[in-house]
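Here is the structure we will look at, set down as structure tokens.
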Amino acid sequence: IQGEPLKHLLYHFRVIYSGWSYMEVVLGGESFTALAHGLQNALWCLGGAPKEHRTDSLSAAYKNKSEEQDLTQQYECFCSHYNMIPSRNNRGVSHENGGIESPHGHLKKRIMQAFILRGSCDFGSVEEYQAWLMQVVNVHNRRNAKAVETEKMALQSLPSYKTADYTVIPVK
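Have a look at this one:
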């Protein structure tokens, strides 16, 4: 951004049937705030919520201390607000996430190619970078418009309001 390297991650949400994607710049690490903000924005852009939200064993969503379903309270409340059943891949069974990992790799290649065509990786602001990323993602989404419309019929309605996408930190 303005000639300086931007330390960031990219949040990527994808629905499997149509391949519709949403991508968001994350400043900082993998946190509940990043997960909730990105997922919530994706659901509202898509116009509905799937019945199940599947992820890997993100510590933002799972406590990861036992083999049981050990959701964090914030993630459980978030999924409840959108009436989604939270689920995750089984640890050590990497092929279970193939429906997202392979397309994620293809999307990263499309972004790198778009950088080459643009002639620069520099942007005036994070917002400008985010808008450019969504343009790249939306080219792919438009190609799948018919399948997206079919998939939307299987989505649940969104609640009347968004929920908290921040982390509450108690102070003494």
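When we follow the numbering used here, the leftmost residue of the sequence shown carries the number 2, and every step to the right adds one. Cβ atoms here follow ideal geometry from the backbone N, Cα and C, with glycine treated the same way.
Within 10 Å of its beta-carbon, does H54 have 16 or more other beta-carbons around it, so buried, or fewer, so exposed?
H54 counts as buried, since at least 16 other C-beta atoms from the protein chains shown sit within 10 angstroms of its C-beta.
On the DSSP letters alone, give me the boundaries of the beta strand (DSSP E) that Y167 sits inside.
Judged by DSSP secondary structure, Y167 falls outside any beta strand (DSSP E); it is assigned neither H nor E.
Can you tell me the Cα-Cα spacing of A155 and Y12, whole angstroms?
Roughly 23 Å separates the two Cα atoms.
The alpha helix (DSSP H) with T151 in it runs from where to where?
Run containing T151: A146 to K153, per the alpha helix (DSSP H) assignment.
Would you call the CB atoms of E1 and S19 closer than 8 Å?
Since the displayed the chain opens at 2 and closes at 173, residue 1 lies outside it and no answer follows.
Determine the DSSP secondary structure at V172, reduced to helix, strand or coil.
The three-state reading of DSSP puts V172 in coil, since its state is none of H, G, I, E or B.
Looking only at its own chain, which residues have a Cβ that is under 7 Å from the Cβ of F116, when we skip the five neighbours before and after it?
So the list reads C122, once near-sequence residues are dropped.
Leaving aside the five residues before and after P160 along the sequence, list all residues of the same chain whose C-beta is less than 7 Å from its C-beta, in chain order.
Only H82 and Y83 meet the Cβ criterion.
In the structure shown, what three-state DSSP assignment does I117 receive?
Reduced to three states, the DSSP call for I117 is helix.
How many angstroms separate the CA atom of A43 from the CA atom of F14?
In a straight line, the C-alpha of A43 is about 7 Å away from that of F14.
Helix, strand or coil, according to DSSP, for V27 in the structure here?
Strand.
Where does the unbroken alpha helix (DSSP H) through T34 begin, and where does it stop?
Per DSSP, T34 belongs to the alpha helix (DSSP H) from F33 to L47.
From which residue to which residue does the alpha helix (DSSP H) around E77 run?
Residues Q74 to H82.
Taking only heavy atoms of the ligand GDP into account, decide whether any of them is closer than 7 Å to the Cβ of S126.
What this structure holds is no ligand at all, so the ligand GDP is not there to describe.
Own chain, CB closer than 8 Å to G48, minus 5 neighbours either side, in chain order
Contacts found: K153, L156 and L159.
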